[in-house]
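These notes concern the structure reproduced below.
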Amino acid sequence: MSATRRPPLGIPDDSAKRWTENYQLATQESGRLFLMAGDQKVEHLNDDFVGAGVAADDADPEHLFRIANAAPVGCFAAQMGLISHYGRDYPEIPYLLKLNSKTHLLKTAEQDPLSSQWQSMSQVQDFVRHSGLKVVGVGYTIYPGSTYEAQMFSEAARLIQDAHNMGLLAVIWAYPRGKAVGKREQDPHLIAGAAGLVACLGADFAKVNPPLDDQGNMDAYLLGEAVAAAGRTQVICAGGSETDAKSFLQRLHEQIHLGGTQGCATGRNVHQRSQPDAIAFCRAIHAMVVHNQDVEEAVNYLVPS
């Protein structure tokens, strides 16, 4: 596991220095990224924040910030507007600004997905300059296979270059989706293609869904094609819906050590828990991602302090 990473080419020296500093901060000098995702406030509306099995704390958006502030996450991803309301009270969190999002109300069967950029990069630059927060990067979702893919690819490419010019990391959520994709959203070969596409866009990290085998089961070995296709763009897997902590850690360990991924991104598995349980779970994930501990060692962190 190497923490050494060269900044992207073609940016000013001072931006390259800031990029390196942000990379070291987000990966906690480990070369791996533990991203806590909070963008579901838009993506899934309130479905993920209330209901059976969801901690009562999760109804309040500040729950996300309390966790990210107390837990050892590499960065916390959320929309810039939400961060603008809470960031002043939580200035120590490393933030990643999620610059596009859409709801789940319009289904793919009705229309291929399109998720456009919300803020301009000049607005991002102003926010970074005037907020005083530790903004380490930006995030953006693309849907390869959508009839609108060209629009999203163009936005993503410009956003990535602009982010690098500001010394920020760029993380691309890449989910094959649309009528042309059909039920192949988690096909290993297609996910590998999406990871390679993210590399061509120039992003630093590709966030993908874990691939499924022909029987619909997760197999960490299948991630090897995506990791190879992404090359120097690092691959992390989405955490998915809430599951028991040890099963999550076992899956994550396999993704890293069998599939070759370099971290993880998880939202629901963290924030749907109570604050003490969520923080303890983050410590376990951190132990595995950053300190390279195995499942049995990481499980020891699950008891809330």
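Heads up: the sequence shown begins at -4 in this note's numbering, then just goes up one per residue.
Virtual Cβ for every residue (Gly too), placed ideally from N, Cα, C.
Take residue i as the anchor and find which of the options has the nearest alpha-carbon.
i, options, result
"L117", "I280, A158, A260 and G82", "Contrary to the premise, residue 117 reads as Ser rather than Leu in this sequence. Measuring from the Cα of S117, the nearest candidate turns out to be A158."
"M161", "A260, A11 and F243", "A11"
"G226", "F200, Q120, L20 and Q245", "F200"
"K178", "M213, T103, V166 and L128", "T103"
"R153", "D42, R268, A260 and S111", "S111"
"P311", "L196, V166, N64 and G82", "There is simply no residue 311 to check, as the chain begins at -4 and stops at 300 in what is shown."
"R13", "P108, A293, V131 and T22", "V131"
"D182", "A194, D209 and L192", "D209"
"S96", "R124, A279, E38 and S141", "E38"
"T15", "A165, L196 and M75", "A165"
"Y81", "A47, D107, H125 and R61", "R61"
"S133", "I155, R124 and G46", "Looking at the sequence shown, residue 133 is not Ser but Val. It is I155."
"A145", "H286, L109, A194 and V176", "L109"
"C232", "I167, S141 and P299", "I167"
"P7", "L192, L163 and A223", "L163"
"T142", "G173, D121 and Y135", "G173"
Going by beta carbon distance, what residues of the same chain come within less than 6 Å of residue i, once the five residues before and after it are set aside?
i, result
"Q257", "R27 and Q229"
"I186", "V203, P206 and A221"
"S(-3)", "Annotation note: pLDDT 48 at S(-3) (below 50); position unreliable, coordinate value reported separately. G26, listed in sequence order."
"T305", "An answer regarding residue 305 cannot be provided, because it is not within the stretch -4 to 300 covered by the chain."
"L20", "P89 and V131"
"R0", "Y18"
"L217", "P183 and P206"
"F243", "N264"
"V285", "Q23 and S25"
"S175", "Residue identity check: residue 175 is Ala in the sequence provided, not Ser. If we look at A175 and ignore the five residues flanking it on each side, its Cβ neighbours are G140."
What residues in its chain sit with their C-beta under 7 Å from that of residue i, if we drop five residues either side in the sequence?
i, result
"A189", "P139, A169, P171 and V203"
"L77", "K36 and P56"
"L4", "none"
"A215", "E249, Q250, L253 and G254"
"R268", "A50 and F276"
"D52", "H58, S269 and Q270"
"A54", "F44 and V45"
Which partner residues of residue i appear in the DSSP bridge assignment?
i, result
"G258", "L28"
"Y90", "F71 and V130"
"N95", "Q112"
Taking 8 Å as the CB-CB cut-off, is residue i touching chain D?
i, result
"R27", "The structure shown has no chain D; it contains just one protein chain."
CB-CB under 8 Å to residue i, same chain, minus the five flanking residues each way: which ones, in chain order?
i, result
"G127", "P86"
"L100", "L40"
"A224", "A187, G188, A190, G191 and A194"
"E180", "Y170, P171, R172 and N204"
*What are the complete beta strand (DSSP E) segments, minimum 3 residues, inside the segment 98 to 176?*
129 to 137 and 164 to 169
_Sequence ranges, beta strand (DSSP E) only - wholly within the segment 199 to 243, length at least 3_ = 200 to 203 and 229 to 233
*At a cut of 8 Å, does the segment 80 to 87 reach the segment 103 to 121 through at least three beta carbon pairs?*
no
*Inter-stretch contact (C-beta, 8 Å, three-pair minimum) for the segment 25 to 41 and the segment 69 to 83*: yes
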